[in-house]
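J.: At position 190 of the sequence shown the residue is numbered 1021 (the numbering used here), and the sequence of numbers has no breaks.
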Amino acid sequence: MSVTTRDGVTLPAVFFRPRVVEGKLPVVALPHGGGDRGECTWYIDKAKAYARRGYVSIIYTARGHGRFPGLIPRPCPNDGRATAHPDDMFDAFGPKTLADLYDVINAVVRDPASHADRKTVGIHGYSQGGATTNLGGAWEDARIRDLKPGSTRVEINPYGIDIDAIGPAHTFYGLRRSLAPNGCTKESFGLALLGGYYGSGAIVDPYFSGRWTAALASGEPAAHREIRDEMKLRSPETYSDELEDLPSFWAQAFDDLLFPVDEAVKAFRDGAIDRLWLSWGGHAAPASNVSEREVAARERTWHLWFDRFLKGRRNGIDKRPRVTYWYHDPAKPKVQHRATSETWPPRAARTNSFFLGPADRLLARASKERGQRALVNAPGMHSLSADPIVAAMPLGSSLPPGARTPAETAVFSTPPLKERTLLAGAPSLDVFWTSTAPEFQTNALLWDVYPDGSRWLVSRGCARHEATPGQKQRVALDLFHSVRLLAPGHRLELWVSPVDHPTFLPSKHPSANVVHFSRSERSRLEIPLLRPPH
């Protein structure tokens, strides 16, 4: 079937249902992820699986995606399609996308052949589809101003469709924070997302993407403030009050550099979601981190989730531990252990401090000896990415033995570990820093170093700081949430630098920087550790 939206765009749509129907059926809408060829066919297998379980499942091609007739043409320079009029812009994560979702659901539930119940609806999607899922639940009763200048308010759901549960995956909670964490713009992913998608059919929003890209790349606070409201409107975090009463099961991957686990963790802590599934295999993550058994288990959990809240089946899914997570065993690279907890990080995790010290050491106590490391940020310097293999590495990636440490990087490491320990949570860095520039970055990578010298990337982070040139100041940086089994004989290694390019857009201010450490200047790395549950 095809659905004509309220503003006249024709979207291809398909619904599936059981062959034999008795009464009205609950509905699961499956908005697809974004991409240069994103379209509803990605989710056919998912949709059929829900139909076999007694649902009406809906898939459709979002505006600006796919090759189906009737879609608005988008600027795709390599395949000759026409450029869209600015008034018909690709509105990913925005009011038009959400209005389309409800237009499609309404068209299906009005079709007598669907036997669909408009009062029992769930939404489930990944990536851009996950954002549509979150916002679709939050905006169920909302009237949101469209973001084009001079436009009027858009009534997202004029049909009285009730959303009873959602299942977002691999997506964001705060859009601006995802693309520019701690004020540092993700050059490798954030700007690519805003400016368009990779591949031969890049989709470019000529208004919003251009403004966001320019503002984030500028690094200027005024430019960031200018786009703040536009990003907030597209952020589920803005509507967390609406999400709090909606059963939500959010899956996210530790190695997702585009939308890190931190996004789901913040939503969980805010009370906006009920359950977390923290696994591996996110955007651009190594394929070796994706377990078929894990994916199958996650799909079964989605099914049970919607059975509970759309069909009312008391299957115990809402009684299970609130957090499920996986960690790797360094002795068995292909093995992932499953564990559960009621919190994230697990309550048993205790913060352990490692102090920066002389001779490139991480110490259990702050050193009596005063020391410092000088670091330079020069135009065009890649620093942490001087070796191309380090560029934009997701967590869980490996460096082979003998890989060189990039230039302008301070390296600190622990002695060999004596017992098995599980890192579970977000490491943090607290350092004393002097810069000759009015603005600088603190970048950190944390590695698990094997006895043979190979490295496994545990976590990374970036923070932008304003400074009085030449004045020593204390700066803090939270690295991405992660989980890793640390084995005896391994070492933890911390890399600190003023640049991590092209993962993050570097500061435009050339600078000489100094990291200080001593008993009074207690520069330290803090790590949440606990005994392995297995």
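Where is the CB? At the ideal position from N, CA and C, for every residue including glycine.
Please give the ranges of any beta strand (DSSP E) in the stretch 1295-1343, keeping only runs that are unbroken, at least 3 residues long and fully inside the region.
T.: Whole beta strand (DSSP E) segments, 3+ residues: 1304-1309, 1313-1317 and 1322-1328.
J.: Under the three-state reduction of DSSP, which class applies to residue 1252: helix, strand or coil?
T.: Here residue 1252 sits in strand by DSSP.
J.: Select from 886, 1175, 876 and 932 the residue whose C-alpha is nearest the C-alpha of residue 848.
T.: Among 886, 1175, 876 and 932, the Cα nearest to that of residue 848 is on 886.
J.: Where does residue 1302 land, buried or exposed, given buried means 16+ other C-beta within 10 angstroms?
T.: Its Cβ having fewer than 16 others within 10 Å, residue 1302 is exposed.
J.: Can you grab the Cα-Cα spacing for the pair residue 1269 / residue 1352, in whole Å?
T.: So the alpha carbons of these two residues sit roughly 22 Å apart.
J.: For residue 1304, count neighbouring C-beta atoms within 10 Å of its own C-beta (all shown protein chains included) and say buried if the count is 16 or more, exposed if not.
T.: So residue 1304 counts as exposed.
J.: Taking the alpha carbon of residue 957 as the point to measure from, which residue in 865, 1135 and 1239 has its own alpha carbon closest?
T.: Considering only alpha carbons, the answer is 865.
J.: Our contact map puts residue 935 next to residue 891 with C-beta atoms below 8 Å; I'd like the distance itself, whole angstroms only.
T.: Confirmed, about 5 Å.
J.: Quick one: grab the DSSP three-state call for residue 1274.
T.: In the structure shown, residue 1274 sits in a strand (DSSP, three-state: E or B).
J.: Determine, using beta carbons only, whether residue 995 and residue 1141 come nearer to each other than 8 Å.
T.: Cβ distance < 8 Å, so residue 995 and residue 1141 count as in contact.
J.: Does the distance from the CB of residue 1340 to the CB of residue 1263 come in under 8 Å?
T.: No, Cβ-Cβ distance for residue 1340 and residue 1263 is not below 8 Å.
J.: Expressed to the nearest angstrom, what Euclidean distance is found between the alpha-carbon atoms of residue 1251 and residue 1317?
T.: Distance between the alpha carbons of residue 1251 and residue 1317: 6 Å.
J.: So what does DSSP say about residue 1192, is it helix, strand or coil?
T.: DSSP places residue 1192 in strand when its eight states are reduced to three.
J.: Nearest to residue 845 by CA position, among 1173, 1081 and 873, is which residue?
T.: Here the closest residue by C-alpha is 873.
J.: Should residue 927 be labelled buried (16 or more other beta-carbon atoms within 10 Å of its own) or exposed?
T.: The residue in question, residue 927, is buried, as its Cβ has 16 or more Cβ neighbours within 10 Å.
J.: Between the Cα of residue 1015 and the Cα atoms of 1336, 1349, 989 and 1360, which residue gives the shortest distance?
T.: For the residues 1336, 1349, 989 and 1360, the minimum Cα distance to residue 1015 belongs to 1336.
J.: Quick check: residue 1362 and residue 1277, are their CB atoms within less than 8 Å of each other?
T.: No, they are not a contact pair.
J.: One question on the structure: do residue 1231 and residue 1290 come within less than 8 Å of each other, judged by their Cβ atoms?
T.: Cβ atoms of residue 1231 and residue 1290: not closer than 8 Å.
J.: Here's a check: name, in chain order, each residue in its chain whose Cβ is nearer than 6 Å to the Cβ of residue 1261, leaving out the five neighbours to either side.
T.: Here the set comprises 1307 and 1355.
J.: Assign residue 1205 to one of two classes, buried (16 or more other C-beta atoms within 10 Å of its C-beta) or exposed (fewer than that).
T.: Counting Cβ neighbours within 10 Å, residue 1205 comes out exposed, since fewer than 16 surround it.
J.: Who are residue 1226's beta bridge partners in DSSP?
T.: Looking at the DSSP assignment, residue 1226 forms no beta bridge with any residue, so it has no partner.
J.: Do residue 924 and residue 966 have their beta-carbon atoms positioned less than 8 Å apart in this structure?
T.: Yes.
J.: Output yes or no for whether 8 Å exceeds the beta carbon distance between residue 1229 and residue 1157.
T.: No, Cβ-Cβ distance for residue 1229 and residue 1157 is not below 8 Å.
J.: Using alpha carbons as the reference points, say which of 1061, 1103 and 1092 lies closest to residue 1074.
T.: Among 1061, 1103 and 1092, the Cα nearest to that of residue 1074 is on 1103.
J.: Whole-angstrom Cβ separation of residue 879 and residue 947, contact assumed at under 8 Å?
T.: Between residue 947 and residue 879 the Cβ distance is about 16 Å, and since that is not below 8 Å, they are no contact.
J.: State the CB to CB distance for the pair residue 1112 and residue 1095, rounded to an integer number of angstroms; the pair is presumed to be in contact (CB under 8 Å).
T.: Their Cβ separation, rounded to whole angstroms, is 14 Å, which puts residue 1112 and residue 1095 out of contact at 8 Å.
J.: I need the straight-line Cα distance from residue 839 to residue 1155, nearest angstrom please.
T.: Their backbone Cα atoms lie some 43 Å apart in a straight line.
J.: With DSSP as the reference, label residue 841 as helix, strand or coil.
T.: Note: residue 841 maps to strand in three-state DSSP.
J.: Work out the CA separation of residue 933 and residue 1183 for me, nearest whole Å.
T.: Their Cα atoms are separated by approximately 49 Å.
J.: Distance, Cα to Cα, residue 986 vs residue 1192?
T.: Approximately 59 Å between the Cα atoms of the pair.
J.: Going by DSSP, what residues sit across from residue 999 in a beta bridge?
T.: According to DSSP, residue 999 bridges with 956.
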